[in-house]
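Just so we're aligned, residue 1 is where the sequence shown starts under the working numbering, counting upward by one.
For glycine and all other residues, C-beta sits at the position ideal for the given N, C-alpha and C.
Computed from a predicted structure; not experimentally measured.
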Amino acid sequence: MDFSEVTGLLKADLSRLEKAIRENYKSDIPLIPGIGDYLMNGGGKRMRPLLLLLTSKMFGAETDDRIIRHCCVVEYIHSATLLHDDVVDATTLRRGHETVNSKWGSDASILIGDYFLSRAILLLANDCAPKIIQAIAQTARTLVEGGILEFTNARKLDVTEQLILDVVYRKTASIISVSCRLGALLTQADEESEKILTSFGDDFGMAFQLMDDVMDYDGTEELLGKPAGTDLKEGHVTLPLLHLYQNCDRRLRKEIEQFIKRPDLSQKELEYIIERLREAKSIEYTLDKARAYMDRAKKTLRNAKFQSPKYLEALLAVADYIIERHTAAKPCA
Numbered sequence: 001m002d003f004s005e006v007t008g009l010l011k012a013d014l015s016r017l018e019k020a021i022r023e024n025y026k027s028d029i030p031l032i033p034g035i036g037d038y039l040m041n042g043g044g045k046r047m048r049p050l051l052l053l054l055t056s057k058m059f060g061a062e063t064d065d066r067i068i069r070h071c072c073v074v075e076y077i078h079s080a081t082l083l084h085d086d087v088v089d090a091t092t093l094r095r096g097h098e099t100v101n102s103k104w105g106s107d108a109s110i111l112i113g114d115y116f117l118s119r120a121i122l123l124l125a126n127d128c129a130p131k132i133i134q135a136i137a138q139t140a141r142t143l144v145e146g147g148i149l150e151f152t153n154a155r156k157l158d159v160t161e162q163l164i165l166d167v168v169y170r171k172t173a174s175i176i177s178v179s180c181r182l183g184a185l186l187t188q189a190d191e192e193s194e195k196i197l198t199s200f201g202d203d204f205g206m207a208f209q210l211m212d213d214v215m216d217y218d219g220t221e222e223l224l225g226k227p228a229g230t231d232l233k234e235g236h237v238t239l240p241l242l243h244l245y246q247n248c249d250r251r252l253r254k255e256i257e258q259f260i261k262r263p264d265l266s267q268k269e270l271e272y273i274i275e276r277l278r279e280a281k282s283i284e285y286t287l288d289k290a291r292a293y294m295d296r297a298k299k300t301l302r303n304a305k306f307q308s309p310k311y312l313e314a315l316l317a318v319a320d321y322i323i324e325r326h327t328a329a330k331p332c333a
């Protein structure tokens with residue numbers, strides 16, 4: 001099974017989800033649905049709700065209104081973090097489209113992000129299960145902590161690998177993990193299955209972001225939807241760059257220290273750093289980390305007691321797709 005077959009398997013559910021996402025951010029203030037539609041039409045695979053749908057179906061659940069509501073919750077929280085992140089990073093392109101802050105301004109991007117959070121809270125208020133409310137609230141806090149941790153360490157090279165991985169967990173893996181955990185919580189699965197899906201989501205999320213960090217340096221602009229090397233320009237020290245910095249000579253260290261301070265790096269300078277990353281095997285080092293996380297995620301998943309092998313196979317196919325994206329992102333020879 002490949003990723004297109006997975007989305008085909010969920011075609012009816014994903015169609016319901018798209019309708020619900022738009023229905024739930026309706027407003028009589030035109031700017032809100034205007035930006036909402038622009039954002040939701042801008043690509044994205046709805047990875048977090050997709051994982052929630054798959055994990056709930058592995059326990060034999062039918063996709064009811066409650067599951068769709070929680071899919072909207074995780075997508076709205078994710079969308080809000082993107083809107084806020086783009087302001088912090090002064091990002092102008094995402095998924096090949098002009099960002100909301102670039103098109104409408106930072107004020108609008110912040111306010112619409114706040115609106116999405118308010119919609120997520122309102123949808124969550126319809127749920128009377130304290131464990132679900134607590135899980136999502138804790139994740140929201142972790143996401144914000146991740147953003148603050150990244151912000152306070154921007155353009156710093158005297159950081160540890162563990163700190164970099166902590167940012168990855170908080171900013172990306174945490175919401176992917178809770179999306180998987182919700183598949184168990186919403187279907188009243190046993191506690192062991194809940195722990196397994198949480199652990200799977202943790203490792204899946206780590207692999208997901210590390211693959212993105214690799215492709216930022218090793219992908220094409222056409223497939224990334226933004227120029228390669230954007231992380232470096234925005235001052236984000238991700239694992240590939242940290243590995244290079246910690247394993248290079250003094251001259252190159254000095255160059256990296258200068259480059260990380262400059263948001264106006266030329267294409268030639270970016271290409272120079274990308275070539276050094278390849279030479280130092282920093283790309284391969286990060287890829288190996290991502291593969292190890294995803295291998296552990298898949299191994300964990302196979303230990304759960306699921307009613308539907310078909311949806312287990314689909315979830316494993318999504319895991320494979322995340323790792324295979326790197327091959328797809330390479331320019332054709």
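Per-residue burial, residue 194 [other beta carbons within 10 Å of its own, 16 or more giving buried]: It is buried - the Cβ of residue 194 has at least 16 other Cβ atoms within 10 Å.
From 151, 111, 174, 201, residue whose alpha carbon lies closest to that of residue 299: Relative to the Cα of residue 299, the nearest Cα in the group 151, 111, 174, 201 belongs to 201.
Classification of residue 15 by the beta-carbon crowding that lies within 10 angstroms, buried from 16 upward: Classification for residue 15: exposed.
Reduced DSSP category for residue 70 - H, G, I as helix; E, B as strand; rest coil: Residue 70 falls in the helix class under three-state DSSP.
Cβ contact (3+ pairs, closer than 8 angstroms) linking the region 265 to 272 and the region 234 to 245: The region 265 to 272, when compared against the region 234 to 245, does not touch it at the 8 angstroms Cβ threshold.
Backbone secondary structure at residue 262 - three-state DSSP: Coil at residue 262, not helix or strand.
Spatial neighbours of residue 209 in its chain, beta-carbon cut-off 7 angstroms, leaving aside the 5 residues before and after: Within the same chain, and ignoring the five residues on either side of residue 209 in sequence, the residues whose Cβ sits closer than 7 angstroms to its Cβ are 168, 172, 173.
Continuous alpha helix (DSSP H) assignments of at least 4 residues falling wholly in the region 124 to 178: Runs of the alpha helix (DSSP H) inside the region 124 to 178: 130 to 152, 161 to 168.
Presumed contact (8 angstroms Cβ cut-off) between residue 151 and residue 88, rounded CB distance: For residue 151 against residue 88, the beta-carbon gap comes to about 6 angstroms, under 8 angstroms, which counts as contact.
Entirely enclosed alpha helix (DSSP H) segments - the region 303 to 329, minimum 4 residues: At a cut-off of 4 residues, the continuous stretches assigned as alpha helix (DSSP H) that sit fully inside the region 303 to 329 are 309 to 329.
Backbone CA spacing between residue 332 and residue 320 [nearest angstrom]: Note that residue 332 scores a pLDDT of 31, beneath 50, so its modelled location is shaky and nothing firm can be said.
C-beta atoms of residue 32 and residue 136 nearer than 8 angstroms: In this structure, residue 136 does not lie closer than 8 angstroms to residue 32 by Cβ.
Under 8 angstroms between C-beta atoms of residue 336 and residue 57: Nothing about residue 336 can be reported from this structure: the residues present for the chain run from 1 to 333 only.
Length of the line joining the Cα atoms of residue 295 and residue 44: The alpha-carbon atoms of residue 295 and residue 44 are separated by roughly 24 angstroms.
Exposed unless 16 or more other CB atoms sit within 10 angstroms - verdict on residue 330: Summary for residue 330: the model assigns pLDDT 42, below 50, so the residue's position carries little reliability; its value from the coordinates is reported in the next sentence. Its Cβ having fewer than 16 others within 10 Å, residue 330 is exposed.
Close-in-space but distant-in-sequence residues of the same chain around residue 287 (CB under 6 angstroms, 5 per side omitted): Contacts found: 214.
Alpha helix (DSSP H) segment containing residue 23, residue limits: The continuous alpha helix (DSSP H) containing residue 23 extends over residues 11 to 23.
Contact the region 92 to 104 vs the region 22 to 41: 3+ CB pairs below 8 angstroms: When Cβ pairs closer than 8 angstroms are counted between the two stretches, the region 92 to 104 is seen to touch the region 22 to 41, the count reaching three or more.
Inter-residue Cα distance where the pair is residue 22 and residue 158: In a straight line, the C-alpha of residue 22 is about 44 angstroms away from that of residue 158.
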